[in-house]
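Quick note on numbering: the sequence shown equals residues 423 to 1316 in my numbering.
Note that CB positions come from ideal geometry on N, CA and C, so glycine has one too.
Below is one structure; the comments refer to it alone.
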Amino acid sequence: MPRLPIRAIVAAAASTPVTLRLGATAPAAPTAQPLLEFARLDAPAVLARLGVDGSGLDPGEVAARLQEAGPNVIAQERKRPLLIELTLRFVTNPINVLLSVLAAVSWLSDDLVGAIIMMAMVSMSVFLSHYQESRTGKAVEKLRRMVSNTASARRKPGADAADAAALAQRTEVPIEQLVPGDIVQLSAGDMIPADLRLLAAKDLFVNQAALTGESMPVEKFAEADGAANTPLEARNLCFMGSDVISGSASGILLGTGARSYFGALAGSLVGQRVPTSFDKGVRRFAWLMIRFMAVMVPLVFLINGVAKGNWLEALMFAVAVAVGLTPEMLPMIVTINLAKGALAMAKKDVIVKRLNAIQNFGAIDVLCTDKTGTLTQDRVILERHVDTTGHDDAAVLEFAWLNSHYQTGLKNLLDVAVLGAADADTCQRLQSHYTLVDEVPFDFSRRRMSVVVRDPHGRHFLIAKGAVAELLDNCTRLHRAGVDTPFDADAASHARDVARDFNDDGFRVIAVGIREVTAKAAYSIADESALTLMGFLAFLDPPKDSVADAITALHANGIAVKVLTGDNDTVTRNVCRQVGFDVQRLLVGPEIDQLGDEALTAAVRDTQVFARLSPQQKVRVVEALHRGGHVVGFLGDGINDGPALRAADVGISVDTAVDIAKESADIILLDKNLRVLEEGVLEGRKVFGNILKYIKMTASSSFGNMFSVLGASLILPFLPMAPVQILLNNLLYDFSQTAVASDAVDEEYLAEPRQWDMRSITRFVLCIGPVSSIFDYATFALLWFVLKANTPAQADLFQTGWFIESLLSQTLIVHVIRTGKLPFVQSRASLPLTVTGIAVCVVGALLPYSSLADEFGFRPLPGAYWLFLVPILAAYMALTQLVKSALARRFGAL
C-alpha cells in the first residue's frame, strides 16, 4: 500500500467546518474518508501507510513534520492588532456606543466641547481597560507557562545512535510539540492529545462527550473497524477533546492542532464563555440604567422644551443628562478590579485561567476538597507490608512491587512508595525472574488493578492490588504461615480486623492478592476472581501542620469545608481528627447511591466528610450543594476529580495534577495549600466589594440627580446646569473613581461570602439617592435667595454654583459610601483614591477662576458661597452616614 504523504495526514481533520448538536450521535465528518481509511486498516498497515516503524520517529523526522503540520495547539484567541482590539472593545460595549452617538449629536449641534468630553470618556474607558487587561495577561501568562501538559511518546534518540530502534524510549513530550506519526501511550486520566488511531488497547474507556454530547464513556479497541460509517463511530479512533476514563492504550497520531477533529470545532468556538452570575448582574445593572435613562431623558427634554421654549437647548441638556445617568466607566472599573485581583493572585503563585473566576472566589460559601495533598503532606510512605496475621512479610512487598512496576497506567503516590521500598538487589532479581504478560488496568468501579507475569518456569500469575473491601470480595483463599487455607467467614473477619487496626492508627491500607492462571494471550476482569489474599500494605501520609489553622480561617470567613475523597472512611476520619477537623457526620459512596436527589440535598447540609466516592458521586454531591443554594468551589488534582471540577462554580487544581484536572480547572495553584485558597477568597471579595462601591455610588448619585434635575427644570426659568458643565462634571467624577480598585475593603465585609444582590443595591440607591437631592435643593435655595442668582442674566452664577456643589458632594461622599464604618476615623480610603478625589475637587473649585471659565460658561463665585457650601457638604456627609448606618443595622454589611 502506498505511503500517505505527510501533507495528506495533517489535512485529515479540518477541511470543512464541524457542526455539533448536544446529544447527536456523530457530526457529519469533515474528513470522513481519510480517517475511515485508517480505521479500516490493521495496525501494521497503518504504520506502513504513515511511514513509521514501531519504535517511533527520530528527531529529524519530528522537526520536519512539526515544520509542516505546525504546533499541536487548537484554535486560541490570537493577539489582535492594537487598533482592531480597541475597536472591538468599543463596539461590543453598548455604553460606549451610546456615548459615541450622543457625541455625534453634540458635534452636529455645534457643541464641540461636549462632543470632545464624551469621546474623552469613551477613550478613557477603552484605553485603560485595554491597558489593565494587557498588563494582567502578561503577568498571568508567565505563570501559565510554568504549567504544561505532556504526553508519553515513543521516540528514537537520534539518527547517529548505533541502534536507534533498540534505543527508542518513551519520553514525556509537551503536547504542543507532538506531530502526526508520533506513537503515544495513554492511561487513565490522560487527555487524548490529538486525533489518533489505536495500535493497542486494554479495557480502554474514553469520554468523548465534548464531541458527541454522549455522557457515557465509550469502549475503544485496536482492531480494524470496517463497519463504521463516520469517524466517531469507529471504535479504533480517538479524538482530541476526549479523555481516558480507564484502561491503557497506545496509538499513532493522525491529525494535530487545528487540523484535528476537535480543532476545527474549537476554531469556531474560541473566546465563547458562559457568563457568570456576576457578569449577568453587571449587565442587568447597565441595562437598567439605560432603560431608566430612556424614560428620564425624553421627560427632561419635554419639560425644558415646553418651559423654556428653546428646543435645541433642551435637546442638548437632555443629551447631557443622558450622559450623566450613563455608567460609562462601569466596564473599565470591572476590568481594572479584576485585573488587580489577578495580579495580586499572580504574586502568590496562583494562575488565573479565567479572569472572572477571581470574583467567583468571593461568592464561595462551600469549599469541597480532596484529602491527599490538601489535608495531608502528599508524601506517602510505605510503613508496613504484612501478611494476613499482621506480621511483616517480604513476599507481600515483592508481589506489590511487581504489580506497581509492570503496570503501564498512571503510577500514583502509592505505587511510587512501593517501588521505593524495595532495595536494588530485590528489584533486579524480580525484574530478571518475572516478565510482563498482560495487565487489567485500574478503574473506579473495581478500585484495583492487576498484572499478569510469567515466572522462569512458564507459569502465569495474576497479581492484584487494590482497595481492601473490593479485593477481599474476590478472594476465595488466604495465605497464612506458608499455607493456603479457605477464605471463610472467620478468616475474612480476621483479615478485615487487621486492616481496620491499621486504619484506626491512621494508615491507608490496600490489599494484595494473587492467582495462578492458565496461560493465554489476553486477560480480563473476569480473571480477577478466586484470588488468594497474600496480605496488606500500610501507607502513611502525614497530615499538614498548617491545615488546622487554614480550616479555622476558612470557617471564620463564612466558608464551610467539606472533604470529598475516594479513600476509605476510617482513614479519612482519622486524618480529619489529626488536623482538628470536626466530623459530625460522614457519608460513603454506597450510602449516597441509595439516596435520591432530594434526600441527598438534605443530607449534604450537615455532612462534613464524604468517603469512598466515585467520580460521579463527587459530581452528585456538588450538584446537591448547588440545589441547596450554595456557591461551590472544588479543589482536586486526580483523575476522578475532573467531572466535579467542571460541575463546581470554581474549579481549582494544582500544577502537579493530572491533565484532565488541570484542563477542567479555572484556577491553578502552584502550592496546594488551603491558606492560599483563603487568600484567593478574600481577594475575590475585595474585587467584588470595590466593583459594588462604584455601582452603588454611581447609581445613588444618578437617582438623586433625577429629582434635582426634574425639580430644577420645573421651577427655574433657565437650565440648572449647562450641558457642557454636566459632561465636564461627569468626566471629572469618573476620573476620581478610576482608583477605586486600590481601595481597602472592610474586614466585616470580607468576613462573609458575597453574591450579586440586586435587592440590596436597589435598597441602597432608594435610601441614599434622595439624600443628595435634599442638599441640591439647599444649594438651589442658597443661589436663588442668598446670592440672588434668580434671573436668566444670573444663570451662569447659578450653574457654576450647582456645578461646584454637585462635583464636590459626589466626590467627597465616596469616603462615606465606601465603608460601613465611620469615615476618616475608623476607615480611610486608599492613598490613590484620596489623591484623585482631592485633585478633582481642587480642579473643579479652580475652574471658575481659570482661563477656561468662559469656555465652560463658569463665573467666579462670591466668598459667601464658600462659607455656606462648607456646612452644606458637612451636613450632607453626616446625614448620609446616619442613613447608611441605619441600613447597616437593619440589613447587615452594605
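### Query
Under the rule that 16 or more other beta-carbon atoms within 10 Å means buried, what is Tyr-1287, buried or exposed?
As a first step, residue 1287 must be located in the sequence shown, where it is residue number 865. Flag for Tyr-1287 reads buried.
### Task
Note down the Cα distance separating Thr-811 from Val-905, rounded to an integer number of angstroms.
Residue numbering aside, residue 811 sits at position 389 when the sequence shown is read from its first letter. Residue numbering aside, residue 905 sits at position 483 when the sequence shown is read from its first letter. Answer to the nearest angstrom: the Cα atoms are 12 Å apart.
### Message
Quick check: the Cα distance between Ala-886 and His-901, rounded to an integer number of angstroms?
### Response
Translated into the one-based positions of the sequence shown, residue 886 becomes position 464. Translated into the one-based positions of the sequence shown, residue 901 becomes position 479. About 14 Å.
### Message
Which residue wins for smallest C-alpha separation from Asp-927, given the options Thr-794, Thr-796, Ala-960 and Glu-938?
### Response
Stepping through the sequence shown from its first residue, residue 927 is reached at position 505. Measuring from the Cα of Asp-927, the nearest candidate turns out to be Ala-960.
### Message
If the criterion is Cβ atoms closer than 7 Å, does the pair Ile-1239 and Met-1119 meet it?
### Response
Within the sequence shown, the letter at position 817 stands for residue 1239. Within the sequence shown, the letter at position 697 stands for residue 1119. Against a cut-off of 7 Å, the Cβ pair of Met-1119 and Ile-1239 comes out as a contact.
### Query
Looking at the structure shown, is Leu-1096 part of a helix, part of a strand, or coil, going by DSSP?
The sequence position of residue 1096 within the sequence shown is 674, counting from 1. Helix.
### Cβ-based burial, Gln-1248 [other Cβ within 10 Å; buried from 16]
For the purposes of this step, residue 1248 is taken as residue 826 along the sequence shown, with counting starting at 1. Burial is judged here by how many other beta carbons sit within 10 angstroms of a residue's own beta carbon; Gln-1248 has fewer than 16 and is exposed.
### Task
Inspect the beta-carbon positions of Ala-656 and Leu-608 and report whether they are closer than 7 Å.
Within the sequence shown, numbered from 1, the residue matching residue 656 stands at position 234. Within the sequence shown, numbered from 1, the residue matching residue 608 stands at position 186. Cβ distance not < 7 Å, so Ala-656 and Leu-608 don't count as in contact.
### Query
In chain order, what residues of the same chain lie with their CB nearer than 6 Å to the CB of Tyr-1116, ignoring the 5 residues before and after it?
Here residue 1116 is taken as the residue at index 694 of the sequence shown, counted from 1. Cβ neighbours of Tyr-1116 beyond the five flanking positions: Ile-755, Gln-1159 and Val-1162.
### Alpha carbon of Val-696 to alpha carbon of Gln-630, nearest angstrom
Along the sequence shown, one-based indexing puts residue 696 at 274. Along the sequence shown, one-based indexing puts residue 630 at 208. Its pLDDT being 45, under 50, Val-696 is placed unreliably in this model, and the coordinates cannot settle the point.
### Query
Ordered along the chain, which non-local residues of its own chain (more than five positions away) have a Cβ less than 6 Å from that of Glu-641?
For the purposes of this step, residue 641 is identified with residue 219 of the sequence shown, where counting begins at 1. Cβ neighbours of Glu-641 within its own chain (closer than 6 Å, five residues either side excluded): Phe-627.
### Message
How far does the beta strand (DSSP E) with Lys-887 in it extend, from its first residue to its last?
### Response
Translated into positions along the sequence shown, residue 887 becomes position 465. Unbroken beta strand (DSSP E) run through Lys-887: 882-889.
#### Entry: Per DSSP, the bridge partner or partners of Gly-677
The residue given as residue 677 occupies position 255 in the sequence shown. Answer by DSSP bridge pairing, in chain order: Asp-617.
### Query
Excluding sequence positions up to five away, which residues of its chain have a Cβ less than 6 Å from the Cβ of Asn-726?
In the sequence shown, counting from the first residue as 1, residue 726 sits at position 304. Correct list, in chain order: Ala-736, Phe-739 and Ser-1135.
### Task
In angstroms with no decimal places, state the Cα-to-Cα distance between Arg-1068 and Gln-1038.
Locating residue 1068 in the sequence shown gives position 646, counting from the first residue. Locating residue 1038 in the sequence shown gives position 616, counting from the first residue. Going by the C-alpha atoms only, they are around 12 Å apart.
### Task
For Leu-589, name the three-state secondary structure that DSSP assigns.
Start at 1 with the first residue of the sequence shown, and residue 589 comes out as number 167. Low per-residue confidence applies at Leu-589: pLDDT is 48, beneath 50, and the placement is therefore not dependable enough to give any value.
### Message
For the alpha helix (DSSP H) containing Pro-908, name the first residue and the last one.
### Response
In the sequence shown, residue 908 corresponds to position 486, counting from 1. It is not in any alpha helix (DSSP H) - Pro-908 instead sits in the beta strand (DSSP E) that spans 905-908.
### Message
Counting C-beta neighbours from all protein chains within 10 Å, is the total for His-807 16 or more, i.e. buried, or is it exposed?
### Response
Counting from 1 along the sequence shown, the entry for residue 807 is found at position 385. So His-807 ends up on the buried side.
### Message
Would you say the beta carbon of Arg-1311 is closer than 6 Å to some non-hydrogen atom of the ligand HEM?
### Response
As presented, the structure is devoid of all ligands, the ligand HEM included, so that no description of it is given.
### Query
Would DSSP call Pro-493 helix, strand or coil?
Start at 1 with the first residue of the sequence shown, and residue 493 comes out as number 71. Coil.
#### Entry: Enclosing beta strand (DSSP E) for Gly-1050 [first to last residue]
Position 628 of the sequence shown, counted from the first residue, corresponds to residue 1050. Careful: Gly-1050 lies outside any beta strand (DSSP E) and carries neither H nor E.
### Whole-angstrom distance between Tyr-683 and Pro-452, CA atom to CA atom
Taking the first residue of the sequence shown as 1, we reach residue 452 at position 30. Taking the first residue of the sequence shown as 1, we reach residue 683 at position 261. A caution first: Pro-452 carries a pLDDT of 36, below 50, which makes its placement in the model unreliable, though a value can still be read off. Take the alpha-carbon of Pro-452 and the one of Tyr-683: they are about 8 Å apart.
### Message
Using only CA atoms, which one of Ala-975, Arg-1027 and Leu-1009 lies nearest to Gly-1002?
### Response
Taking the sequence shown and counting its residues from 1, the one referred to as residue 1002 is at position 580. Taking only the C-alpha atoms, the option nearest Gly-1002 is Ala-975.
### Rounded straight-line distance, which links the Cα of Pro-602 to that of Leu-469
Taking the sequence shown and counting its residues from 1, the one referred to as residue 469 is at position 47. Taking the sequence shown and counting its residues from 1, the one referred to as residue 602 is at position 180. Each residue's Cα considered, the two are about 11 Å apart.
### Task
Check the C-beta distance from Ile-538 over to Thr-572 and give it rounded, since I have them as a contact under 8 Å.
To locate residue 538, count along the sequence shown from 1; it is residue 116. To locate residue 572, count along the sequence shown from 1; it is residue 150. Contact flag wrong, Cβ pair sits at about 55 Å.
### Message
What residue range does the beta strand (DSSP E) around Thr-1222 cover?
### Response
Residue numbering aside, residue 1222 sits at position 800 when the sequence shown is read from its first letter. Premise fails: Thr-1222 lies in the alpha helix (DSSP H), 1217-1234, not in any beta strand (DSSP E).
#### Entry: Length of the line joining the Cα atoms of Lys-1210 and Ile-1226
Position 788 of the sequence shown holds residue 1210. Position 804 of the sequence shown holds residue 1226. Roughly 17 Å between the two C-alpha positions.
### Query
Straight-line CA distance for Arg-443 to Arg-1181?
On the sequence shown, position 21 is the one that residue 443 refers to. On the sequence shown, position 759 is the one that residue 1181 refers to. With a pLDDT of 29 at Arg-443, under the threshold of 50, the modelled position of this residue cannot be trusted; read the value that follows with caution. If I take the Cα positions, the gap works out to 38 Å.
### Message
Just to confirm, is the Cβ distance from Leu-1092 to Asp-792 under 7 Å?
### Response
Within the sequence shown, residue 1092 is the residue found at index 670, counting from 1. Within the sequence shown, residue 792 is the residue found at index 370, counting from 1. No.
### Nearest candidate by alpha-carbon position, reference Trp-1224, set Val-728, Pro-1214, Gln-850 and Phe-1197
Sequence index remark: in the sequence shown, residue 1224 carries index 802 (1-based). Selected option, being the one with the closest Cα: Phe-1197.
### Message
Three Cβ pairs or more, each shorter than 8 Å: is that satisfied between the stretch 915-924 and the stretch 756-776?
### Response
no
### DSSP state of Ile-1074 mapped onto helix, strand, coil
For the purposes of this step, residue 1074 is taken as the residue at position 652 of the sequence shown. Residue state, collapsed to three classes: strand.
#### Entry: At least three beta-carbon pairs within less than 8 Å, the stretch 852-866 to the stretch 611-626
yes
### Task
Under 8 Å by Cβ, that's how I've got Val-997 and Ala-933 pegged, so tell me the actual separation to the nearest angstrom.
Position 575 of the sequence shown, counted from the first residue, corresponds to residue 997. Position 511 of the sequence shown, counted from the first residue, corresponds to residue 933. Not confirmed; about 20 Å, so no contact.
#### Entry: Local conformation of Pro-653 per DSSP, three classes
Locating residue 653 in the sequence shown gives position 231, where the first residue counts as 1. If DSSP states are grouped into helix, strand and coil, Pro-653 belongs with the helices.
### Message
Here's a check: name, in chain order, each residue in its chain whose Cβ is nearer than 8 Å to the Cβ of Asp-815, leaving out the five neighbours to either side.
### Response
Counted from its first residue, the sequence shown places residue 815 at position 393. Excluding positions up to five away in sequence, the list reads His-807, Val-808, Asp-809, Met-956 and Gly-957.
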